Amino acid sequence: MGMIGRMREDVAAARLRDPAARSSAEVALLYPGLHAIWAHRVSHALWRRRLRLLARAGSQLSRWLTGIEIHPGARIGRRFFIDHGMGVVIGETSVIGDDVMLYHGVTLGGRTRTSGKRHPTLGDGVAVGAGAKILGPVTIGAHSVVGANAVVTRDAPADSILVGVPAKPRQRHTGEDTRALLTAPDYAI
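Residue numbers for the sequence shown, in my numbering: 17 to 205.
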């Protein structure tokens, strides 16, 4: 799939996940989460070509313009959506699967200064609520939901719900709606 096809796919993913999106033009022109993802793709390509300073400069420019910091080394899958986005931080060794959604204030951060894998891995279809912190080289299994303001420091299996400080996983019930889980008072702190 070419660059234009990926951009169209991103716009469609945003429209699918954001009930406030009125048109594709509005999403493409006015959504900072989308702009940050597009800038990340350019910076990531530079990073992979070992043009590290240029890649970091691009990511910092994007951070200044959007309020979203994505390290150029982070690996991000398709149809990734950041809703609102201000204050989102995604660390260098983060790996994000396809169809993942983050709300504002989410941190995918490290806990050590050692080299190697130090940031989280999010499986396909993961949703992360506002203000959540996922710290260290943990893996969040596919189709899991991290509640607002949760602090995750341990791995979680697929189809989990993670809430609390520190977050404790529980299995998702069949038919539970991800969007409802992210806004239900039972899952917020």
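We treat Cβ as the ideally placed atom computed from N, Cα and C, and that holds for glycine. Note that the structure is predicted; figures quoted are calculated from it, not measured.
Within the same chain, Cβ atoms closer than 6 Å to the Cβ of ALA55 are found at SER78, the five residues on either side in sequence being excluded. Excluding residues up to 5 positions away in sequence, ARG95 and PHE97 lie with their Cβ nearer than 7 Å to the Cβ of ALA29 in the same chain.
Checking the DSSP bridge columns, you'll see ALA143 partnered with MET117 and VAL161. Residue nearest to ALA166 within the set VAL111, GLY157, ALA174 and ILE150 is ILE150 (criterion: CA-CA distance).
In chain order, HIS87, LEU124, GLY125, GLY126 and HIS135 place their CB closer than 6 Å to the CB of GLY107, counting only its own chain and leaving out the 5 sequence neighbours on each side. When DSSP states are grouped into helix, strand and coil, ARG91 belongs to the strand group.
DSSP places LEU178 in the strand class (E or B) of the three-state scheme. Within the region 26-79, the complete alpha helix (DSSP H) runs of at least 4 residues fall at 40-46 and 48-64.
Around the beta carbon of HIS60, 16 or more other beta carbons sit within 10 angstroms, so the residue counts as buried.
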